Every structure is written in structure tokens, then in C-alpha cells.
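What follows is a short report on a single structure.
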Amino acid sequence: MTTDYETDFYAWSDEQARLLRAGCYAALDIAHLAEEVEDLGKRERRALESRLAVLIGHLLKWRYQADYPYRKSWRATINTQRRSIQRLLAENPSLGAQLEALINSAYPDAVDLAVAETPLDYDAFPDVCPWDRDALLGDHWPALASASDPKSDS
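Per this note's numbering, residue 1350 is the first one in the sequence shown, and the count goes up by one each step.
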């Protein structure tokens, strides 16, 4: 029995796994398997970028809305995201080389999150992420309060 990739993905993937385990390589749907394996890597990259956006968004809220009375939950989210990002990087070390680009890519989503969850508007936040990878992933709370911000120099 051959299951069509387009018709029933779940059955197809189950069948492909069974064929792989049985060593029936000639019966494999190589083209679609290659696509799916590639998509697995992309999924990990997107997960990292998404976690970075949440982390940076909460750091922006932490820094730019210092008078908010319930910041404790933001810090918990920051800590959770940092741990999750560190686990993702430990499981996928090659993503570390892409971290700077992913930070830049995630930053607009982070600003959107901060704007949506605070009374602040877009012009309250820097045009580029004010933290480098070490500040983002380390426990550097004093650095968060004094990160270089081009908008605060005036």
C-alpha cells in the first residue's frame, strides 16, 4: 500500500517511518521526505525567532515602561524565554551562528508585542534592538536598565 503525501499526510508519514525502519529504501517517497526533513530545520529556526521576539518584547516593556506595577510576570516570561532559547541552541548549535540575524529579524515583532501590550507607541522604542546576544541571553538585569538607546541620548 502506498499512501499519497497530498491526500493523508499523517498516514504517509507513518508509512515512511515504517519503510525506513524496515530498510525498504527503494519504496520511500524521497522527494517529499527531503522536503519534510528540510522543513524540520526551518521549524526550529522559526521557533527560535519566535522565542526571541517574545523575549525582546518583554525586555522592551521592562525597560520602557518601568512604572508598570506588575512587572514580576514580565521577568518570569523573560526568564522562561531565555531558558527555552538556551535549550533550543543547545539542541541545535548551528543556529547559534544565525543568532544575530534572527535577533534583527525578530525585533519588529518584539516592538509590535510591546506596542500592543503597553500604552507606548512605536516611536518610544529604538529602531534596532538595543541588546546584543549576551545581554539577551544572560542574566544581566543592570545592563537591561542601561542598554544603549539612541532615543534616550537627546
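The C-beta atom is built at its ideal place from N, Cα and C for all residues, glycine as well. Every value quoted in this text rests on a predicted model; they were computed, and no experiment measured them.
On the three-state DSSP scale, how would you describe residue i?
| i | result |
| --- | --- |
| Val1403 | helix |
| Ala1375 | helix |
| Thr1429 | helix |
| Asp1458 | helix |
| Asp1472 | helix |
| Asp1353 | coil |
| Glu1364 | helix |
| Ala1450 | helix |
| Tyr1417 | coil |
| Glu1466 | coil |
| Pro1442 | helix |
| Val1386 | helix |
| Cys1478 | coil |
How many angstroms separate the CA atom of residue i from the CA atom of residue j?
| i | j | result |
| --- | --- | --- |
| Asp1483 | Leu1437 | 16 Å |
| Thr1429 | His1407 | 11 Å |
| Gln1435 | Asp1481 | 15 Å |
| Ser1422 | Arg1392 | 27 Å |
| Asn1453 | Trp1411 | 19 Å |
| Ala1455 | Ala1371 | 42 Å |
| Leu1485 | Thr1351 | 48 Å |
| Asp1584 | Tyr1359 | Beyond the ends of the chain as shown, which are 1350 and 1503, falls residue 1584; an answer cannot be given. |
| Pro1499 | Tyr1471 | Only weak support is given to the placement of Pro1499: the predicted model assigns it a pLDDT of 38, under 50, and the value that follows is read from those uncertain coordinates. The alpha-carbon atoms of Pro1499 and Tyr1471 are separated by roughly 14 Å. |
| Leu1451 | Phe1474 | 19 Å |
| Arg1424 | Glu1387 | 35 Å |
| Thr1426 | Asp1488 | 13 Å |
| Leu1469 | Ala1463 | 8 Å |
| Arg1367 | Leu1377 | 10 Å |
If you follow the alpha helix (DSSP H) that residue i is part of, which residue opens it and which one closes it?
| i | result |
| --- | --- |
| Leu1485 | 1482–1486 |
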